[in-house]
Structures are given as C-alpha cells and as structure tokens.
Amino acid sequence: MKNKPYNLEDRLVKFAGEIILFCKTLPNDDTGIYYGNQMMRSSGSGTLNYGEAQGTTTSKDFIHKMTLVLKEIRETKVSLLIMEYVKYGEESIRSELIVEAKELAAISAKMILNTKQKNQKEP
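Here the sequence shown is numbered in the working numbering, starting from 8 and rising by one per residue.
In structure tokens:
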C-alpha cells in the first residue's frame, strides 16, 4: 500500500478498499470465496467502527469502539496470513496488506492505551 494517507480514517478506508480489490483476484473456489468474504466483512467493519468511534461522547465508549476496530483489523490480518500460508492471491499485494494490517492494529492499540492512560490521570 504505497502512498499511505496520514489520517487514520483515510488509511482504514483505503485498507478496506484494497482488501476488496485483492479479494476480487482470489480464486472462485470455496476457500477464495469464504476468506474473501470474511476479509471484506472484517476490514469494512473495522473501518465503520472507527467512524462510530469518532462520534462517541465518552472515553469509555471511544475505547469500546476502538477495541472493536482493533479486533476486526486483527481478524483481517489473520485471514491474510491464512491466505499467505495457502498461497492465495498476488504475493506482493498480500504482503503489503499484511504490513498495513499490522500497522493499523498497532495504531489502534496505541490509541486505546493512550485514552486509558489519560483517563487514569484525570480526577
């Protein structure tokens, strides 16, 4: 995923879009259909939950939504790792998506941690 946007929402949207494009190239067999559908759902869900996180009014709700983002991105990453194991999809694209999934998960986890730490400091 070259030319990564700086904005997290933009990165998540691009990631979900790139997953869709990647899934269109998977073989049209049981494995390709199953994991393709699963990756499209989880990457899209992570992106949509981030959109919801932006509208939260409490730190607790923000942490909850960001935890869902993290869960869905990790799920997408694991599906990509399975695709890597069975050699499905274009290797270079798959590898870029795995790297991006790891980075998005790390960013999401850090946002959760920072919010929790901020809450502990407040009276």
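Note that CB positions come from ideal geometry on N, CA and C, so glycine has one too. A quick note: this is a predicted structure, and the numbers were derived from the prediction, not measured.
> For the alpha helix (DSSP H) that residue 38 lies in, which residues bound it at each end?
Replying inline: Sequence index remark: in the sequence shown, residue 38 carries index 31 (1-based). Note, residue 38: alpha helix (DSSP H), 37 to 60.
>> Just to confirm my understanding: we take residue 70, look at its own chain, exclude 5 residues before and 5 after, and list those with CB closer than 6 Å. What are they?
In response: Within the sequence shown, the letter at position 63 stands for residue 70. For residue 70, where only same-chain residues beyond five positions count, the Cβ hits under 6 Å are 119 and 122.
> Which term fits residue 26, buried or exposed, when burial requires 16 or more other beta carbons within 10 angstroms of its beta carbon?
Replying inline: Translated into the one-based positions of the sequence shown, residue 26 becomes position 19. Residue 26 should be labelled buried.
>> Looking at residue 97: is its Cβ nearer than 8 Å to the Cβ of residue 32?
In response: Counted from its first residue, the sequence shown places residue 97 at position 90. Counted from its first residue, the sequence shown places residue 32 at position 25. It is a contact, given that the beta carbons lie within the stated cut-off.
> Is DSSP giving residue 93 helix, strand or coil here?
Replying inline: On the sequence shown, position 86 is the one that residue 93 refers to. Correct three-state label for residue 93: coil.
>> For residue 92, count the other beta carbons within 10 Å of its own beta carbon; 16 or more makes it buried, fewer makes it exposed. Which is it?
In response: The residue labelled residue 92 in the question sits at position 85 within the sequence shown. With fewer than 16 Cβ atoms within 10 Å of its Cβ, residue 92 is classed as exposed.
> Considering only the beta carbon of each residue, do residue 83 and residue 49 sit closer than 8 Å?
Replying inline: One-based indexing of the sequence shown puts residue 83 at position 76. One-based indexing of the sequence shown puts residue 49 at position 42. For residue 83 and residue 49, yes; Cβs fall inside 8 Å.
>> For residue 104, report the span of its alpha helix (DSSP H) as first-last.
In response: Position 97 of the sequence shown, counted from the first residue, corresponds to residue 104. Unbroken alpha helix (DSSP H) run through residue 104: 98 to 128.
> In three-state terms, what does DSSP make of residue 74?
Replying inline: Here residue 74 corresponds to residue number 67 of the sequence shown, with the count starting at 1. It is helical.
> What are the boundary residues of the alpha helix (DSSP H) that includes residue 21?
Replying inline: Numbered from 1 along the sequence shown, position 14 holds the residue referred to as residue 21. Its alpha helix (DSSP H) spans residues 15 to 30.
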